[in-house]
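Q: Residue numbers (this note's numbering), protein chains in the order written: chain A, 160 to 507; chain B, 160 to 507. Quick one: the structure is below, and I'll ask about it shortly.
There are 2 protein chains.
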Amino acid sequence: MNEPTIKDVARAAGVSTATVSRVINGTGTVRSGTAAKVKKAIQDMNYIQNSMATSLKLNKTKMIGFIVSNICNSHFTYMAKSIESVLNTENYSLIVCNTDDNPELEKRHIQRLMEYHVEGLIINTTCMNDKYIESISQTVPVVLVSRRINSNMFCGDFVGSNNFEGMKLLTRHLLDLGHRQIGLITSDLKFSTGKERLEGFKSAMSEANIIVDDSYIYRYDGNLFNEIDGMDGCRYLLGLSPRPTAIVVANNAMAIGAFKFLRTAQIQIPEQLSVVSYGNISNSELFWLTPTIVTLSSTYIGNEAAKNLISRIKNTHIGNREIVYEPTLKTGDTSKAINPLKSFYSNN
Amino acid sequence: MNEPTIKDVARAAGVSTATVSRVINGTGTVRSGTAAKVKKAIQDMNYIQNSMATSLKLNKTKMIGFIVSNICNSHFTYMAKSIESVLNTENYSLIVCNTDDNPELEKRHIQRLMEYHVEGLIINTTCMNDKYIESISQTVPVVLVSRRINSNMFCGDFVGSNNFEGMKLLTRHLLDLGHRQIGLITSDLKFSTGKERLEGFKSAMSEANIIVDDSYIYRYDGNLFNEIDGMDGCRYLLGLSPRPTAIVVANNAMAIGAFKFLRTAQIQIPEQLSVVSYGNISNSELFWLTPTIVTLSSTYIGNEAAKNLISRIKNTHIGNREIVYEPTLKTGDTSKAINPLKSFYSNN
DNA sequence: TTGTACGCGTTATCAT
DNA sequence: ATGATAACGCGTACAA
């Protein structure tokens, strides 16, 4: 006993498949009596349309793919939610693929989504498949979120935040508080976000006429943006001498790791160490200290990404667009003016 | 200029579509020379298989649907991640649909997924579409997560936690600390979780020979499981007289709301009020107080749900199964033995 | 207003 | 080892 098809419905209603199709899709003209018969048959036999067949016929799948580095990071969670809710209004479904920042996995995911013939792709890329993404962007509408790729042939939009300025805000905040020995915990430079944030950091420092000592930057090839790296970074920076009086952390997940480490190590924040970080941290209102951060609106990015993707699906011939969120500083309890005595030592 | 199809490849390679198909799928036998020609053609023209056509032909879509009440709740985030990672090993893709506990939205989502002919469904239901879910469960493999439905015709598995026992653990913990005036913040009874947790609460109370005063239970028809309700619940309970000396919160999102409210209202925890809640809270290691909770392993539930769904896809004729996670108490800083004086007053 | 028939891209059966 | 072809379920141009 198989699933009923449009043929079965047609037979049951005593009409042709064409008529059934017309009733289902509201196309053409059908006498109301006939329509009623068809609707009844559909009800009776519990008929469900087969989207695969429709997609094949119409060459439209009504599916969008979302490639994301870590679906557990609240930044991407909120992004996913807002994307999904925009897509719903247009009757699109969202296929979510998690990469854990593994480039091979990302490529496999994208390939599979291409085979599904998704109508569009929102990608938070690992930044390690630039050529491949460049090539598929010629075929299918693509919106990059958060991270950019290195390519001048890429065809699509970018929605992210102004990492350079955000990081400058964060760093300048520490500088304004008198800090000079400032440590940075950041990621592999392959990530455009990591790179731009590092540059923002350096720019703020250089504007304050401080020569950045690279040993105060925790970063290694292959490190990611996760809690473990945040912990390791703290451990490393606290081992330096002179010890930094402040630390900038380049994203929320690392910041969580950093705070966990510092709290366990019983470092007094902000007395012994100021800590600032990039991006909102979930539930931080309940932390023992409210972190000083620059904001990063996941919802804004998700909404813009979805809206732009849809417009791109409707009109393929659109030039590349950039939507950039401008971060603002949110001062919390984790940063304070440097102790004058310390400042004396570290300024020599 | 259209996407190349298997026909184009066949023409370019000078073979039939059947041979191309054989090469792609590794079925049948193909001379290595011919295979090479085909592979080259595929490369050259950037051919991508069309899953829609394959699905239509084979009646297998390799897609799974995940209906979830709130993709931003870390409980479901971690669940989604583990589901996705299990499915990946079997080459399934996951379509994520967020309902915000809106039953109409849930139904629309499920209907659409049925039209996509997903091979299976993992549902964290609103508990308001029992009949509908019961009916589709006859057609497609279904695994319910967290919440049950009311139905004896449902065909599928359930993976969740032992809410009754978990809540007893939580309540007994407070009772052991001497609390007698215990408030409860919980959800609409339509949720099976809410109902089971309420019963667990009552059972623990009755075993301690305490008659539960319903006015100490914050719950109204239509309330959900979210932060706002947690806040409102606290506000309400603190207005009672005698004021409860302890509060049990029925899930993590409400607990977050409760803690936000209590912190803002400057209620001293646990001196003035003990607070315990059901389920892990994200980043709670960094809270100003570590919450006392019973555990709830999202990863376990996600893994089990995915594994069971796959086994059910492979063998449709399996009886209903129940996988139940057993919670354990994790004592934190938000609960303490009652002040003897208070105990005197409230015990009269 | 309704029905017939073709084709979407693929796989599988049956020849050769 | 390979090719021709039917079939999957649907939408639509065309005919009636």
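Glycine included, C-beta positions come from ideal geometry on N, C-alpha and C.
Looking at the unbroken alpha helix (DSSP H) that takes in Thr451(A), where does it start and where does it end?
A: First-last for Thr451(A): 451–453, but that is the beta strand (DSSP E), not the alpha helix (DSSP H).
Q: Below 8 angstroms on the Cβ atoms is my guess for Asn479(B) versus Cys314(B); work out the distance and round it to an integer in Å.
A: Confirmed, Cβ separation roughly 7 angstroms.
Q: Am I right that Ser304(A) and Gly325(A) are in contact with their C-beta atoms under 8 angstroms? What's the rounded C-beta distance?
A: It is worth fixing the name first, because residue 304(A) is Val in this sequence and not Ser. Going by Cβ atoms, the distance from Val304(A) to Gly325(A) rounds to 16 angstroms, so no, they are not a contact pair.
Q: With distances taken between CB atoms, is the gap from Thr193(A) to Val174(A) smaller than 8 angstroms?
A: Yes, Cβ-Cβ distance for Thr193(A) and Val174(A) is below 8 angstroms.
Q: Quick one: grab the DSSP three-state call for Ala194(B).
A: In this structure, Ala194(B) counts as helix in the three-state DSSP scheme.
Q: Report yes if the C-beta distance between Ile226(B) and Leu280(B) is below 8 angstroms; otherwise report no.
A: Yes, Cβ-Cβ distance for Ile226(B) and Leu280(B) is below 8 angstroms.
Q: What are the boundary residues of the alpha helix (DSSP H) that includes Val182(A)?
A: Val182(A) -> alpha helix (DSSP H) spans 176–184.
Q: For Gly342(A), which residues does DSSP report across the bridge?
A: Partner(s): Ile406(A).
Q: Whose C-beta lies closer than 6 angstroms to the C-beta of Glu386(B) among residues of the same chain, with five residues either side of it excluded?
A: So the list reads Ala412, Ile415, Gly416, once near-sequence residues are dropped.
Q: Taking the alpha helix (DSSP H) that Leu328(B) falls in, what are its first and last residues?
A: Unbroken alpha helix (DSSP H) run through Leu328(B): 322–335.
Q: If you reduce the DSSP assignment to three classes, tell me which class Asn439(A) lands in.
A: Coil at Asn439(A), not helix or strand.
Q: In terms of residue numbering, what span does the beta strand (DSSP E) encompassing Gly279(A) cover?
A: Per DSSP, Gly279(A) belongs to the beta strand (DSSP E) from 279–282.
Q: Which residue from Ile201(A), Ala212(A), Ser433(A) puts its Cα closest to that of Arg331(A)?
A: Out of Ile201(A), Ala212(A), Ser433(A), Ser433(A) has the C-alpha closest to the C-alpha of Arg331(A).
Q: Residues in the region 252–275 of chain B with C-beta within 9 angstroms of chain A's C-beta atoms, listed in sequence order?
A: Residues Ser252, Leu253, Ile254, Val255, Cys256, Asn257, Asp259, Leu264, Arg267, His268, Gln270, Arg271, Leu272, Met273, Glu274, Tyr275.
Q: Mind checking Thr451(A): buried by the 16 CB within 10 Å criterion, or exposed?
A: It counts as buried.
Q: Looking at Lys327(B): is its Cβ nearer than 8 angstroms to the Cβ of Gly359(B)?
A: Cβ distance < 8 angstroms, so Lys327(B) and Gly359(B) count as in contact.
Q: I need the DSSP call for Ser494(B), collapsed to helix, strand or coil.
A: In this structure, Ser494(B) counts as coil in the three-state DSSP scheme.
Q: Can you have a look at Ala239(B) and say buried or exposed, based on whether 16 or more other CB atoms are within 10 angstroms of its CB?
A: Result: buried.
Q: Starting from Ile254(A) and walking both ways along the beta strand (DSSP E), at which residues does that stretch end?
A: Start and end: 252–257.
Q: Taking only beta-carbon positions, decide if Asn442(A) is within less than 8 angstroms of chain B.
A: Yes - at least one Cβ of chain B is within 8 angstroms of the one on Asn442(A).
Q: Does the pairing of the region 164–173 of chain B with the region 197–209 of chain B give three or more beta-carbon distances under 8 angstroms?
A: Because the criterion of three Cβ pairs below 8 angstroms is met, the region 164–173 of chain B and the region 197–209 of chain B touch.
Q: Measure the CB-CB distance between Ala171(A) and Met204(A) and report whether it falls below 8 angstroms.
A: Contact: yes.
Q: Looking at the structure shown, is Ser505(A) part of a helix, part of a strand, or coil, going by DSSP?
A: Caution applies to Ser505(A), whose pLDDT of 45 falls short of 50 and renders its modelled position unreliable; the model cannot decide the point.
Q: Between Thr213(B) and the rest of its own chain, which residues show a CB-CB distance below 7 angstroms, the 5 nearest in sequence each way excluded?
A: Here the set comprises nothing.
Q: In terms of residues, what are the limits of the beta strand (DSSP E) holding Val483(A)?
A: Residues 481–484.
Q: Going by beta carbon distance, what residues of the same chain come within less than 7 angstroms of Val182(A), once the five residues before and after it are set aside?
A: These residues qualify, in order along the chain: Val189, Ala194, Val197, Lys198.
Q: Among the residues of its own chain, which have a CB less than 8 angstroms from the CB of Tyr375(A), if the five just before and after it don't count?
A: Gln340, Ile341, Gly342, Leu343, Leu396, Leu399, Pro403.
Q: Could you tell me whether the region 456–467 of chain A touches the region 452–461 of chain B, using the rule of 3 or more Cβ pairs below 8 angstroms?
A: Because the criterion of three Cβ pairs below 8 angstroms is not met, the region 456–467 of chain A and the region 452–461 of chain B do not touch.
Q: Indicate the three-state DSSP secondary structure (helix, strand or coil) for Ile376(B) in the structure shown.
A: Three-state result, Ile376(B): strand.
Q: For a test of the three-state rule: what should DSSP assign to Ile370(B), helix, strand or coil?
A: Ile370(B): coil per DSSP, three-state reduction.
Q: In chain order, what residues of the same chain lie with their CB nearer than 6 angstroms to the CB of Gly491(A), ignoring the 5 residues before and after it?
A: Only Thr449, Pro450, Thr451 meet the Cβ criterion.
Q: So, are the CB atoms of Thr236(A) and Thr487(B) less than 8 angstroms apart?
A: For Thr236(A) and Thr487(B), no; Cβs fall outside 8 angstroms.
Q: Pull up the DSSP beta-bridge partners for Met222(B), would you.
A: Paired residues: Ser252(B).
Q: Compare the beta carbon distance of Arg306(B) and Ser351(B) with 8 angstroms and say whether it is the shorter of the two.
A: It is a contact, given that the beta carbons lie within the stated cut-off.
Q: Taking its Cβ as the centre, do 16 or more other Cβ atoms sit within 10 Å of Lys473(A), making it buried, or is it exposed?
A: Its Cβ having fewer than 16 others within 10 Å, Lys473(A) is exposed.
Q: Determine whether the Cβ of Thr186(A) lies closer than 8 angstroms to any Cβ atom of chain B.
A: Not one chain B Cβ lies under 8 angstroms of Thr186(A).
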